[in-house]
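Residue numbers (my numbering): 129 to 500.
By construction, the Cβ of each residue, glycine as well, lies at the ideal position given by its N, Cα and C atoms.
The block underneath contains the structure these notes are about, expressed in structure tokens.
Below you can see the structure in the form of structure tokens.
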């Protein structure tokens, strides 16, 4: 039987790249091919157990985020990879591809790089793209910096249907959220500076946003363990603490977005070594499915999806700034505007490919690497 080894950068099982991968595994297409699948996770967290519950032999081999730290751990990673005898290594994310490139400089076994975002595009995208046997990107804009003419685009599948608004609000209330204003901007994201939760907090201080509050669902990331505290301190400094709720991570948060009135995807420049803009942005699709308008900080794959034949499904900011966000929220204070955008988004989102479609496309990419 052919063997595939997944190397995944982060330990979370709730990030967009991890959900993309787990969705493919859940479809069962690879296992039916058949592929025997192992996994190495480069950070502590629940992803290892998520693999194991799916019958995948998985280990954690912690690797730091810095290139120096990755290089120091590369020999041990090489031994772990070769001990599993894979025919193909699937590198889920830029850190995974960099680590495997250092561990396997001879490119044997070959690697498939699944590129989800814009991390280190200027410094590493072309180099890592050259090292990979195949590059898959979750959006055309995400893959372009690699310079690969044979780039394969496999966008994420349509997420699970949202819960009804009343049920979603009940779950959020149990998690400690109360809506202190008539309107709520929701965000579901890891708490790292580049995700732009601070932009939303600053926007609340604008007089145009007096009717809005913020619900930011997500946990601190290991890379920035004090981010939640920083955000709450910022809210206190700006006098908007009563309108900011950061309850931590909530399982299946993407299915709860029908509880809010707009969803922000506010990735911005400013954090060293982090992406400067959003990749595919699965949370935007989750919002569209729920009929909730999306505000995205910059042009890219999300803003492209927000353009529909029947009208916009959200707003793309002119710049990733609190002032621009406040202007967008002022526009969305109108219920008719929100409802019209929500309907446009819902219609488009329900036509997107499902997990079976995406899994089949991925299996076709792996097929040439199977043993004779």
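Taking the alpha carbon of residue i as the reference point, which residue from the options has its own alpha carbon closest?
{"i": "residue 318", "options": "497, 293 and 146", "result": "146"}
{"i": "residue 335", "options": "204, 304, 187 and 456", "result": "456"}
{"i": "residue 260", "options": "191, 222 and 293", "result": "222"}
{"i": "residue 226", "options": "213, 215, 205 and 452", "result": "205"}
{"i": "residue 431", "options": "445, 438 and 437", "result": "445"}
{"i": "residue 466", "options": "443, 252, 479 and 488", "result": "443"}
{"i": "residue 433", "options": "183, 269 and 235", "result": "269"}
{"i": "residue 248", "options": "302, 428, 195 and 230", "result": "195"}
{"i": "residue 437", "options": "476, 403, 203 and 402", "result": "476"}
{"i": "residue 279", "options": "263, 490, 491 and 288", "result": "263"}
{"i": "residue 483", "options": "207, 152 and 138", "result": "152"}
{"i": "residue 406", "options": "288, 448 and 229", "result": "448"}
{"i": "residue 362", "options": "251, 499, 324 and 394", "result": "324"}
{"i": "residue 375", "options": "288, 302, 254 and 243", "result": "302"}
{"i": "residue 426", "options": "394, 435 and 211", "result": "394"}
{"i": "residue 296", "options": "281, 379, 219 and 359", "result": "379"}
{"i": "residue 479", "options": "305, 468 and 288", "result": "288"}
{"i": "residue 233", "options": "211, 243, 258 and 212", "result": "258"}
{"i": "residue 212", "options": "178, 304, 168 and 229", "result": "168"}
{"i": "residue 277", "options": "254, 294 and 285", "result": "254"}
{"i": "residue 281", "options": "242, 309, 404 and 306", "result": "242"}
{"i": "residue 286", "options": "435, 305, 408 and 308", "result": "408"}
{"i": "residue 320", "options": "308, 310, 229 and 398", "result": "398"}
{"i": "residue 201", "options": "179, 177, 468 and 228", "result": "228"}
Determine, using beta carbons only, whether residue i and residue j come nearer to each other than 9 Å.
{"i": "residue 136", "j": "residue 175", "result": "yes"}
{"i": "residue 283", "j": "residue 481", "result": "yes"}
{"i": "residue 133", "j": "residue 209", "result": "yes"}
{"i": "residue 217", "j": "residue 237", "result": "yes"}
{"i": "residue 417", "j": "residue 290", "result": "yes"}
{"i": "residue 333", "j": "residue 450", "result": "yes"}
{"i": "residue 314", "j": "residue 392", "result": "yes"}
{"i": "residue 486", "j": "residue 163", "result": "no"}
{"i": "residue 494", "j": "residue 150", "result": "no"}
{"i": "residue 300", "j": "residue 384", "result": "yes"}
{"i": "residue 231", "j": "residue 203", "result": "yes"}
{"i": "residue 328", "j": "residue 453", "result": "yes"}
{"i": "residue 422", "j": "residue 382", "result": "no"}
{"i": "residue 267", "j": "residue 428", "result": "yes"}
{"i": "residue 402", "j": "residue 322", "result": "yes"}
{"i": "residue 181", "j": "residue 170", "result": "no"}
{"i": "residue 173", "j": "residue 139", "result": "yes"}
{"i": "residue 488", "j": "residue 224", "result": "no"}
{"i": "residue 161", "j": "residue 491", "result": "yes"}
{"i": "residue 239", "j": "residue 219", "result": "yes"}
Measure the beta-carbon distance from residue i to residue j and round it to whole angstroms, keeping in mind my assumption that it falls under 8 Å.
{"i": "residue 501", "j": "residue 351", "result": "The requested residue 501 is not part of the displayed model; the chain covers only 129 to 500."}
{"i": "residue 312", "j": "residue 389", "result": "5 Å"}
{"i": "residue 424", "j": "residue 386", "result": "The pair is not a contact, with the Cβ atoms about 19 Å apart (cut-off 8 Å)."}
{"i": "residue 80", "j": "residue 366", "result": "Given a span of 129 to 500 for the chain in the structure shown, any question on residue 80 remains unanswerable."}
{"i": "residue 142", "j": "residue 166", "result": "The pair is not a contact, with the Cβ atoms about 22 Å apart (cut-off 8 Å)."}
{"i": "residue 377", "j": "residue 347", "result": "4 Å"}
{"i": "residue 326", "j": "residue 359", "result": "6 Å"}
Based on the DSSP output, what are the partners of residue i in its beta bridges?
{"i": "residue 484", "result": "Residue 484 is not bridged to any residue."}
{"i": "residue 279", "result": "None; residue 279 has no bridge partner."}
{"i": "residue 315", "result": "344"}
{"i": "residue 130", "result": "163"}
{"i": "residue 241", "result": "219 and 263"}
{"i": "residue 442", "result": "422"}
{"i": "residue 436", "result": "439"}
{"i": "residue 186", "result": "167"}
{"i": "residue 376", "result": "345"}
{"i": "residue 392", "result": "423"}
{"i": "residue 352", "result": "349"}
{"i": "residue 136", "result": "169 and 220"}
- Message: For the pair the segment 452 to 463 and the segment 398 to 418, tell me if three or more CB-CB distances fall below 8 Å.
- Response: no
- Item | Cβ contact (3+ pairs, closer than 8 Å) linking the segment 266 to 285 and the segment 350 to 360 | no
- Taking three-plus beta-carbon pairs below 8 Å as touching, is the segment 363 to 371 in contact with the segment 328 to 346? yes
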